[in-house]
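There are 2 protein chains.
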Amino acid sequence: MSAKRRPLGFTDSVQAASIAHRFYVRGRSKLEIAHEFGMSRFKVARILDLARESGLVRVEFDLPAAVEPGLSADLRSAYGLQQALVLERADRRETRPEMRRRIGTLAARLLEEIATKDDVIGLSWARSVNVMTEEITALPRCPIVQLCGVQAGMDMRDRSVETVSRLATVSGGEAYPIFAPLVLPDRRTTETLRRQPGIAETFGQFRHLTKAVVSIGAWEPGESTVYDSLTPAERDAISKRGAKAEVAARLFDADGNALSTGLAHHVLAISHEELRQVPEVVALGYSAPKAEAIDAVLRSGMVTTLITDAETAELTLRLAQSRG
Amino acid sequence: MSAKRRPLGFTDSVQAASIAHRFYVRGRSKLEIAHEFGMSRFKVARILDLARESGLVRVEFDLPAAVEPGLSADLRSAYGLQQALVLERADRRETRPEMRRRIGTLAARLLEEIATKDDVIGLSWARSVNVMTEEITALPRCPIVQLCGVQAGMDMRDRSVETVSRLATVSGGEAYPIFAPLVLPDRRTTETLRRQPGIAETFGQFRHLTKAVVSIGAWEPGESTVYDSLTPAERDAISKRGAKAEVAARLFDADGNALSTGLAHHVLAISHEELRQVPEVVALGYSAPKAEAIDAVLRSGMVTTLITDAETAELTLRLAQSRG
DNA sequence: GCGTTTGGCGCTCATATGAGCACTATAGCC
DNA sequence: GGCTATAGTGCTCATATGAGCGCCAAACGC
Chain S
1 MSAKRRPLGF TDSVQAASIA HRFYVRGRSK LEIAHEFGMS RFKVARILDL
51 ARESGLVRVE FDLPAAVEPG LSADLRSAYG LQQALVLERA DRRETRPEMR
101 RRIGTLAARL LEEIATKDDV IGLSWARSVN VMTEEITALP RCPIVQLCGV
151 QAGMDMRDRS VETVSRLATV SGGEAYPIFA PLVLPDRRTT ETLRRQPGIA
201 ETFGQFRHLT KAVVSIGAWE PGESTVYDSL TPAERDAISK RGAKAEVAAR
251 LFDADGNALS TGLAHHVLAI SHEELRQVPE VVALGYSAPK AEAIDAVLRS
301 GMVTTLITDA ETAELTLRLA QSRG
Chain L
1 MSAKRRPLGF TDSVQAASIA HRFYVRGRSK LEIAHEFGMS RFKVARILDL
51 ARESGLVRVE FDLPAAVEPG LSADLRSAYG LQQALVLERA DRRETRPEMR
101 RRIGTLAARL LEEIATKDDV IGLSWARSVN VMTEEITALP RCPIVQLCGV
151 QAGMDMRDRS VETVSRLATV SGGEAYPIFA PLVLPDRRTT ETLRRQPGIA
201 ETFGQFRHLT KAVVSIGAWE PGESTVYDSL TPAERDAISK RGAKAEVAAR
251 LFDADGNALS TGLAHHVLAI SHEELRQVPE VVALGYSAPK AEAIDAVLRS
301 GMVTTLITDA ETAELTLRLA QSRG
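Those protein sequences? They're chains S and L, same order as listed. Residue numbering for the first sequence follows full-length UniProt numbering, beginning at 1 and increasing consecutively. Residue numbering for the second sequence follows full-length UniProt numbering, beginning at 1 and increasing consecutively.
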């Protein structure tokens with residue numbers, strides 16, 4: 001990207017650095033610097049540009065979290081998000097659990113900050129959301145609502161079924177869990193369960209939600225717990241309808257339109273409409289294969305804050321830019 | 001200096017960092033950023049100021065040498081120098097030889113760059129200058145002239161008498177050494193030696209000098225090889241005359257005026273006048289006790305480039321500022 | 001309740017700045 | 001020598017920016 005040509009000489013470098021120091025660190029005007037160094041303000045400007053382009057001056061950020069400020073702003077603007085948090089590139093190739101840990105921790109820091117005592121917070125079912133709840137250490141006293149049933153395929157050993165209860169314990173507020181599977185065999189069972197006392201109560205909270213934390217799944221193997229739990233026939237049927245992304249078992253096509261399939265009637269989860277009513281939706285989505293899905297969900301306009309990794313952010317941005 | 005108050009929140013930090021990235025890294029205008037982030041350009045400006053003051057954005061310099069760009073520019077301006085090179089502060093307390101090594105290396109890099117084939121380069125007698133010659137690996141084919149006799153007290157084990165010859169070997173040019181002591185017992189001996197074939201030839205080169213590298217000594221124990229080589233009576237007599245600094249055995253008072261003492265007539269060295277005629281004089285001066293001496297020599301207007309360490313630079317600057 | 005304070009915001013207007021252009025000097029080339 | 005390519009320079013003028021101010025709203029004391 002940047003033409004790494006050095007301002008050749010040693011003397012020139014020192015001069016450029018001195019000028020850059022005056023400008024960037026001390027905040028002096030270029031005119032002032034020009035007078036001091038006995039040159040025109042144009043030359044000062046050119047030297048500064050050169051110093052930046054050549055990498056002689058580096059700007060670093062001491063953020064409380066490992067966030068890429070540039071990519072974050074790019075994503076924010078590209079999709080009109082309220083906020084985007086793009087995880088800094090790791091030094092080495094990361095494993096998925098490592099990345100999930102970092103994404104979840106970032107989400108935890110965010111939720112800790114934005115949550116107020118008047119919030120009603122919804123959590124979708126996902127490993128990254130689970131990590132988030134583990135990393136949260138303090139939260140105002142507010143109700144925590146589970147947005148969808150439990151995905152059977154998920155790893156239960158780490159007490160992940162207790163996500164909502166754990167967070168409610170931290171917050172000191174009410175917990176509204178859903179002790180039932182996310183995907184059910186048929187519509188009738190789904191309806192029956194939905195009317196169960198505990199579950200109905202949780203569903204009743206959906207319209208009071210002020211914040212939600214969800215995970216974005218891509219409609220392909222290994223990128224969505226819902227996808228992975230269906231039969232090949234079901235998956236393909238849904239794929240043929242144009243499904244690209246999934247949030248809390250609700251589907252989206254490539255353009256971010258809510259997709260109604262048969263699946264909708266046999267999952268225990270918040271509806272598209274109810275989720276759209278939530279004023280603040282934080283979506284977690286990481287790993288390169290999810291870029292298209294993230295693009296789709298962001299286009300739905302339902303998400304206010306995205307948390308992702310640098311590589312995925314770049315891929316997603318490329319999709320946004322290719323549309324102009 | 002800087003009020004280290006953070007822009008409080010995590011979210012705010014990220015936003016500030018994003019804005020700072022747009023501004024400092026991408027070089028966008030504040031107005032542009034304001035539109036992108038949906039705020040007034042004034043708010044952008046305030047956020048940027050806050051980000052700098054709070055230390056959220058740090059500007060770093062990738063210089064080819066460990067130079068403090070800010071202090072260098074300050075010194076340059078304070079004394080109207082052509083250039084100043086201030087060595088970066090070391091991580092830990094340095095010994096004198098360590099600092100000398102760094103100063104000498106810096107001088108080497110500078111001389112390597114500024115020397116041209118048409119130059120006639122003079123070297124004064126000093127350990128730091130000696131280090132410089134050791135560190136120089138390439139030089140255009142130009143004559144190297146010794147500016148003063150050899151100081152007997154100096155460490156000879158490291159072939160330091162050969163400074164001039166060594167550099168001439170590197171450059172491939174002529175060497176004009178002075179194989180005689182710097183300080184002599186009386187005027188007559190001095191005059192006799194000065195007329196010796198080799199020495200007279202070297203003295204004859206002084207008026208052709210285009211560049212000189214000299215070391216600044218302070219008129220106090222341990223800060224000048226000349227001072228250290230005199231008898232207490234001689235030292236004190238010179239001190240009473242107001243001597244503060246010494247360059248190639250030539251003395252300066254606190255205001256940078258050339259000081260004529262009896263010493264002038266029994267040293268083998270370039271004169272004040274001849275040194276002043278040299279278009280480019282690089283002076284090396286390090287260690288805190290030399291600050292006053294450096295201030296004095298710089299005020300003489302004879303020096304075009306100063307190389308020093310950060311601590312001494314600050315002390316010297318304070319002297320300059322106290323005069324306004 | 002009612003001042004009062006405090007901090008954040010965006011305005012005006014003088015100043016600083018950037019884009020683009022024209023001019024100059026130097027180097028290479030015939 | 002003369003001719004062109006090239007890089008470096010500082011200009012004009014439209015635009016971006018900063019200092020200082022007044023406005024407004026939330027927080028606070030009584």
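Where is the CB? At the ideal position from N, CA and C, for every residue including glycine.
On the three-state DSSP scale, how would you describe residue i?
| i | result |
| --- | --- |
| L/Ser-77 | helix |
| L/Tyr-286 | coil |
| S/Pro-181 | strand |
| L/Lys-117 | coil |
| L/Glu-274 | helix |
| S/Ala-218 | strand |
| S/Gln-151 | coil |
| S/Lys-4 | Note that S/Lys-4 scores 41 on pLDDT, short of 50, meaning its location in the model is unreliable and no value can be drawn from it. |
| residue 336 of chain L | In the structure as shown, chain L begins at 1 and stops at 324. Residue 336 of chain L is therefore absent and cannot be evaluated. |
| S/Ala-20 | helix |
| S/Glu-135 | helix |
| S/Ala-293 | helix |
Measure the C-alpha to C-alpha separation of residue i and residue j and round it to an integer number of angstroms.
| i | j | result |
| --- | --- | --- |
| L/His-208 | L/Ala-115 | 15 Å |
| S/Arg-250 | S/Ser-271 | 7 Å |
| L/Arg-194 | L/Gln-321 | 42 Å |
| S/Arg-58 | L/Ala-73 | 19 Å |
| S/Pro-289 | S/Glu-246 | 13 Å |
| L/Gly-70 | S/Phe-37 | 13 Å |
| S/Tyr-79 | S/Leu-298 | 6 Å |
| S/Val-303 | S/Val-282 | 6 Å |
| S/Ile-216 | L/Ala-34 | 30 Å |
| S/Thr-305 | L/Leu-306 | 54 Å |
| L/Val-267 | L/Trp-125 | 12 Å |
| L/Leu-319 | L/Ala-310 | 14 Å |
| S/Val-86 | L/Ser-224 | 58 Å |
| S/Gln-205 | L/Phe-10 | 29 Å |
| residue 335 of chain S | L/Val-213 | What is shown of chain S runs 1 to 324, which leaves residue 335 of chain S out entirely. |
| L/Ser-300 | L/Pro-185 | 28 Å |
| L/Glu-274 | L/Phe-203 | 10 Å |
| S/Cys-148 | S/Tyr-176 | 11 Å |
Taking CB distances under 7 Å as the criterion, tell me whether residue i reaches chain L.
| i | result |
| --- | --- |
| S/Leu-109 | The question names Leu, but residue 109 of chain S is Arg in the sequence shown. Output row for S/Arg-109: interface = yes. |
| S/Val-67 | yes |
| S/Ala-258 | no |
| S/Glu-135 | no |
| S/Ala-233 | no |
| S/Ala-73 | yes |
| S/Ser-22 | The sequence given here has Arg at residue 22 of chain S, not Ser. Yes - at least one Cβ of chain L is within 7 Å of the one on S/Arg-22. |
| S/Ser-18 | yes |
Can a CB atom of chain S be found closer than 7 Å to the CB of residue i?
| i | result |
| --- | --- |
| L/Phe-10 | yes |
| L/Phe-61 | yes |
| L/Glu-32 | no |
| L/Glu-88 | no |
| L/Ala-212 | no |
| L/His-208 | no |
| L/Ser-2 | Confidence in L/Ser-2 is poor, its pLDDT being 39 and thus under 50, which makes the residue's placement unreliable; the coordinate value appears in the next sentence. No, L/Ser-2 does not count as interfacial toward chain S. |
Name the chain S residues that come within less than 7 Å of residue i, Cβ to Cβ?
| i | result |
| --- | --- |
| L/Pro-64 | Phe-10, Ser-13 |
| L/Val-25 | Val-59, Gly-70 |
Listing by chain order, which chain L residues have their CB less than 9 Å from the CB of residue i?
| i | result |
| --- | --- |
| S/Gly-55 | Asp-62 |
| S/Arg-52 | Tyr-24, Val-25, Gly-27 |
Leaving aside the five residues before and after residue i along the sequence, list all residues of the same chain whose C-beta is less than 8 Å from its C-beta, in chain order.
| i | result |
| --- | --- |
| S/Glu-112 | Ile-136, Thr-137, Ala-138, Leu-139 |
| S/Thr-210 | Asp-118, Asp-119, Val-120, Ile-121, Val-278, Pro-279, Glu-280 |
| S/Thr-163 | Leu-123, Trp-125, Val-129, Asn-130, Thr-133, Gln-146 |
| S/Ala-296 | Lys-244, Ala-245, Phe-252, Asp-253, Ala-254, Asp-255, Gly-256 |
| L/Asp-17 | Checking the sequence, you will find Ala at residue 17 of chain L rather than Asp. Around L/Ala-17: Ala-51, Leu-56, Val-57. |
Could you work out which residues of chain S lie near residue i, taking near to mean beta carbons separated by less than 8 Å?
| i | result |
| --- | --- |
| L/Ala-283 | Those do not exist, as L/Ala-283 stays about 16 Å from chain S at its closest Cβ, beyond 8 Å. |
| L/Gln-83 | Thr-11, Val-14, Gln-15 |
Leaving out five residues before and five after residue i in sequence, what residues of the same chain have Cβ atoms less than 6 Å from its Cβ?
| i | result |
| --- | --- |
| S/Glu-292 | Lys-244 |
| S/Ala-132 | The amino acid occupying residue 132 of chain S in the given sequence is Met; Ala does not appear at that position. Gly-104, Ala-107, Ala-108, listed in sequence order. |
| L/Arg-6 | Unreliable placement is indicated for L/Arg-6, whose pLDDT of 45 sits below 50; the coordinate value is still reported in the next sentence. Taken in chain order, the residues that qualify are Ser-54. |
Name the chain S residues whose beta carbon is nearer than 9 Å to that of residue i?
| i | result |
| --- | --- |
| L/Ser-77 | Glu-36, Phe-37 |
Listing by chain order, which chain L residues have their CB less than 8 Å from the CB of residue i?
| i | result |
| --- | --- |
| S/Ile-114 | Thr-11 |
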